[in-house]
Amino acid sequence: MSVIAEYGTVLLVLACVFGVFMAWGVGANDVANAMGTSVGSRALTIKQAIIIAMVFEFLGAYLAGGEVTSTIRKGIIDPAILTDTPELLVYGMLSALLAAGTWLLAASLWGWPVSTTHSIVGAIVGFAAVGIGIDAVDWARVGSIVASWVVSPVLAGSISYGLFRSVQVLILNTDKPFQNAKRFIPIYMFAVGFLIAMVTMVKGLKHVFADAGMALSYGESAGYATLIGLAVMAIGVVLLKRIREDDAAVLSRNRFASVERVFAVLMIFTACAMAFAHGSNDVANAVGPMAAVYSVIVNEGVIGASATMPNWVLLLGGLGIVAGLGTYGYKVIATVGRKITELTPSRGFAAELGAAATVVLASGTGLPVSTTHTLVGAILGVGLARGIGALNLSVIGTIFMSWIITLPVGAVLAIIFFFTFKTVLS
Amino acid sequence: MAINNPFTSLFGKSPIKPMQDHMTVACATAEELIPFFQAVTAGNWQDAEAIQQRIAERENEADDLKKNLRLHLPKSLFLPVPRTDLLELLSMQDAIANCARDIAGIMLGRKMAIPEFIQSHMQEFVQSAVDAANQALKAINELDELLETGFSGYELTVVENLIEELDNREHLSDKLEVQIRAALFAIEDDLRPVNVMFLYRVIEWIGELSNRAQRVGSRLQLLLAR
């Protein structure tokens, strides 16, 4: 108790520094996969991708990031066990942030595929199970989180498969693909707007509305989401008007060149959705521990007090991501974009929308998932619909390896940092 | 920097474009037969030799493309069509180039003159075989559109039509083969028997060229019929 009273401010500042560092890392590295799809299929330039990423990552973090943040903050560890030793929670969360941040940085330098989500979950479970006690971990919750890592790529793959199938039936496999593209693509745009608005209002906006003293019923939310969907659709229709089927494209070797240009417009919207989804889920990895430390310190050591999470914590996370994007992320986006040129907009959109829908749903339910793995699942779904020239299946092995390696390493690092903090500060 | 990013390493190089490139070269090899036969008919062996050289070079180029493509189709790749089907199609495309090389090779090697009586027949016959190869190329060039539509729907009809046209050309080539054999039969007693034997063989090979073009078409059809 005395530690918190004595070093409270220092610990809080430390948490903020580590948290922002972690968010910076997410922005610098992780966002690239979410945005690279759009850049690779040439639906967006790097500059446009950066702007969209900055705006929508931030919005996603701020508007829909609350649920996952609260899972990371108090879902994995049972706070009741720590009522007598609140400082352990502070040390633990600090070491989790530091462990995940270090591990991510090291792995990025060596070029190893790791997931932010898996690192932080591994770190939190690690310090709690070893530093505090096996019972401190809510194993049922951890189980459901781990299950979601398997379910989310599969779900995203199924959605993307369905989306791409519908595109084949409605647009590509007809004798007038261009006209049909113009007719049906606004519907997909509506779906993007509706989905994002719905999840945001039903799940994410709780804390924003609570501040404003507002509450929406399910029906009202659906109504507003429909309106937003229609608005998005209207913007899309205006943008689509400018695309014409020019004869050069018809005569060029691939008759679908002009159809792909219509899909490229749709991809602007799915890229926004993807950035939003990523912001809503992955920012929590940085912000969650930060919020946990804050709530202990602000309540002067009383754990589990019903302190609502302050908005500035989410804001700080959002800013960290934007900073990461601006300083380093744009380079990684360019690299990723250069490597995935085989993905055309008609496939890229299906993959992005499938992944974004899955991640946003996970964010709404408070499940921390890996955006990259979800996107990989979505792309495999499009591949199953025979849409992609060649997919490297050995990647699935790499993903499993990254789970097997990341979780223990995150845990071990967090345990080391935890005992260091404990020794130094007590 | 994320170099071994699972996301970017997910994307392999699509074999569709290299397949089309290979077929383009194979057809270009066959197409050289037209100027080659013109040179032979005119008795200009210097030109004929230069053209034969070009044919051999192109055939080599096709071989290199074939090897390269095979090396870049590991079993771990997940393709929209069965890998074995693609590799078989590739072998058949390559057979077109090989056949053209064999025809030019034997004719130059034996300095085979074409009797005047069958010269016009021969020209028409070679043209029909090259036409068949070019029609097969047209069908193969639809592979990228097929990929775009996920190998289904309206695009299938387009390719079906191209393959049907290919069959027509092969039938025409067969008809011309019968005619040229008949013409050669009529004059064969006036020629040296060994030369006549080899003329029959060249005629057979030219017929084989259009057969191989047709086989590319049928293999493509099998690949689509799933």
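Protein sequences, first through last, are from chains A and B.
Under this note's numbering, think of the first position of the first sequence as 1, with each following residue one higher.
Under this note's numbering, think of the first position of the second sequence as 1, with each following residue one higher.
Note that CB positions come from ideal geometry on N, CA and C, so glycine has one too.
In whole angstroms, give me the CA-to-CA distance for residue i and residue j.
i: LEU63 (chain A); j: GLY143 (chain A); result: 27 Å
i: ARG212 (chain B); j: HIS278 (chain A); result: 53 Å
i: ALA128 (chain A); j: ASP30 (chain A); result: 26 Å
i: ALA28 (chain A); j: GLY326 (chain A); result: 8 Å
i: PHE56 (chain A); j: LEU44 (chain A); result: 15 Å
i: LYS331 (chain A); j: GLY337 (chain A); result: 10 Å
i: LEU86 (chain B); j: THR29 (chain B); result: 21 Å
i: VAL169 (chain A); j: VAL192 (chain A); result: 20 Å
i: ALA351 (chain A); j: ILE196 (chain A); result: 16 Å
i: ILE185 (chain A); j: LEU266 (chain A); result: 7 Å
i: VAL199 (chain A); j: GLY223 (chain A); result: 13 Å
i: ASN161 (chain B); j: GLY217 (chain B); result: 11 Å
i: PHE36 (chain B); j: PHE349 (chain A); result: 51 Å
i: THR157 (chain B); j: LEU240 (chain A); result: 29 Å
i: LEU109 (chain A); j: ASP131 (chain B); result: 56 Å
i: ILE3 (chain B); j: GLU6 (chain A); result: Annotation note: pLDDT 48 at ILE3 (chain B) (below 50); position unreliable, coordinate value reported separately. Spanning the two alpha carbons is a distance of roughly 44 Å.
i: GLN123 (chain B); j: ILE163 (chain B); result: 24 Å
i: ALA257 (chain A); j: ILE171 (chain A); result: 13 Å
i: VAL25 (chain B); j: VAL81 (chain B); result: 23 Å
i: GLY410 (chain A); j: GLY324 (chain A); result: 21 Å
i: MET1 (chain B); j: ILE379 (chain A); result: With a pLDDT of only 39 at MET1 (chain B), under the threshold of 50, the placement of this residue in the model should not be trusted; the figure read from the coordinates follows. Cα to Cα, MET1 (chain B) sits roughly 23 Å from ILE379 (chain A).
When you compare the CB positions of residue i and residue j, do they come within less than 8 Å of one another, or not?
i: GLU65 (chain B); j: HIS22 (chain B); result: Note that residue 65 (chain B) corresponds to Leu in the displayed sequence, not to Glu. Their beta carbons are under 8 Å apart, which means LEU65 (chain B) touches HIS22 (chain B) by this criterion.
i: GLU88 (chain B); j: GLN135 (chain B); result: no
i: VAL322 (chain A); j: MET290 (chain A); result: no
i: VAL412 (chain A); j: GLY126 (chain A); result: yes
i: ALA129 (chain B); j: GLU32 (chain B); result: no
i: ALA286 (chain A); j: GLY317 (chain A); result: yes
i: LEU220 (chain B); j: TYR200 (chain B); result: no
i: GLY320 (chain A); j: ILE159 (chain A); result: no
i: LEU89 (chain A); j: LEU98 (chain A); result: no
i: MET201 (chain A); j: SER221 (chain A); result: yes
i: ALA156 (chain A); j: GLY381 (chain A); result: yes
i: GLY19 (chain A); j: ILE340 (chain A); result: no
i: ILE297 (chain A); j: LEU11 (chain A); result: yes
i: GLU59 (chain B); j: ALA97 (chain B); result: yes
i: THR116 (chain A); j: LEU104 (chain A); result: yes
i: THR371 (chain A); j: VAL359 (chain A); result: yes
i: ASN33 (chain A); j: PHE11 (chain B); result: no
i: LEU251 (chain B); j: ARG83 (chain B); result: Outside the displayed span of chain B (1 to 226) sits residue 251 (chain B), for which this structure offers no information.
i: PRO177 (chain A); j: VAL376 (chain A); result: no
i: PHE125 (chain B); j: LEU176 (chain B); result: yes
Which of helix, strand or coil does DSSP assign to residue i?
i: ILE77 (chain A); result: strand
i: VAL81 (chain B); result: coil
i: PHE151 (chain B); result: coil
i: ALA392 (chain A); result: According to the sequence as given, residue 392 (chain A) is Asn; it is not Ala. Of the three classes helix, strand and coil, the one that applies to ASN392 (chain A) here is strand, per DSSP.
i: PHE11 (chain B); result: strand
i: VAL369 (chain A); result: coil
i: VAL114 (chain A); result: coil
i: GLU57 (chain A); result: helix
i: ALA97 (chain B); result: helix
i: ILE3 (chain B); result: Its pLDDT being 48, under 50, ILE3 (chain B) is placed unreliably by the model, and nothing is read from it.
Measure the beta-carbon distance from residue i to residue j and round it to whole angstroms, keeping in mind my assumption that it falls under 8 Å.
i: LEU143 (chain B); j: MET19 (chain B); result: 6 Å
i: PHE194 (chain A); j: THR174 (chain A); result: About 25 Å separates the two Cβ atoms, so there is no contact after all.
i: GLY383 (chain A); j: PHE78 (chain B); result: 6 Å
i: ILE235 (chain A); j: ARG261 (chain A); result: That pair is no contact at about 17 Å.
i: PHE419 (chain A); j: GLY131 (chain A); result: 7 Å
i: GLY443 (chain A); j: GLU67 (chain A); result: The structure shown does not extend to residue 443 (chain A), since chain A spans only 1 to 426, so no value can be given for it.
i: ILE124 (chain A); j: ILE77 (chain A); result: 7 Å
i: VAL232 (chain A); j: PHE263 (chain A); result: Their Cβ separation, rounded to whole angstroms, is 16 Å, which puts VAL232 (chain A) and PHE263 (chain A) out of contact at 8 Å.
i: ALA140 (chain A); j: ALA275 (chain A); result: Contact flag wrong, Cβ pair sits at about 32 Å.
i: PHE421 (chain A); j: SER95 (chain A); result: 6 Å
Mind listing which residues of the segment 159-182 of chain A have their C-beta closer than 7 Å to chain B's C-betas, in chain order? For the segment 159-182 of chain A, the beta-carbon criterion of a distance under 7 Å to any beta-carbon of chain B is satisfied by GLN168, LEU172, ASN173, THR174, ASP175.
Residues of the segment 73-96 of chain B whose Cβ lies closer than 7 Å to any Cβ of chain A, in chain order: Cβ contacts with chain A: SER76, LEU77, PHE78, LEU79, PRO80.
Quick one, which residues of the segment 149-168 of chain B are near chain A if we go by CB-CB under 8 Å, in chain order? Per Cβ criterion, the list reads THR149, GLY150, PHE151, SER152, GLY153, TYR154, GLU155.
To be precise: take each residue of the segment 17-29 of chain B, compare its Cβ to all Cβ atoms of chain A, and keep it if any distance is under 7 Å. Which residues remain? Within the segment 17-29 of chain B, no residue places its CB atom closer than 7 Å to a CB of chain A.
Check each residue of the segment 386-412 of chain A: if its Cβ is closer than 8 Å to any Cβ of chain B, include it; give the result in chain order. For the segment 386-412 of chain A, which is checked against every Cβ of chain B, the residues closer than 8 Å are ARG386, GLY387, ILE388, GLY389, ALA390, LEU391, ASN392, LEU393, SER394, VAL395, THR398, ILE399, SER402.
Any residues in the segment 23-38 of chain A with a beta carbon nearer than 8 Å to a beta carbon of chain B? Which ones, in chain order? Of all residues in the segment 23-38 of chain A, those with a C-beta nearer than 8 Å to a C-beta of chain B are ASN29, ALA32, ASN33, GLY36, reading in chain order.
Pull out every residue of the segment 122-152 of chain B whose Cβ sits closer than 8 Å to any Cβ of chain A, in chain order. Here the close residues are ASN141, ASP144, GLU145, LEU147, GLU148, THR149, GLY150, PHE151, SER152.
Scan the segment 369-382 of chain A for residues whose Cβ lies nearer than 7 Å to a Cβ of chain B and list them as they occur along the chain. With the criterion set as a beta carbon lying under 7 Å from some beta carbon of chain B, the members of the segment 369-382 of chain A are THR372, LEU375, VAL376, ILE379, in sequence order.
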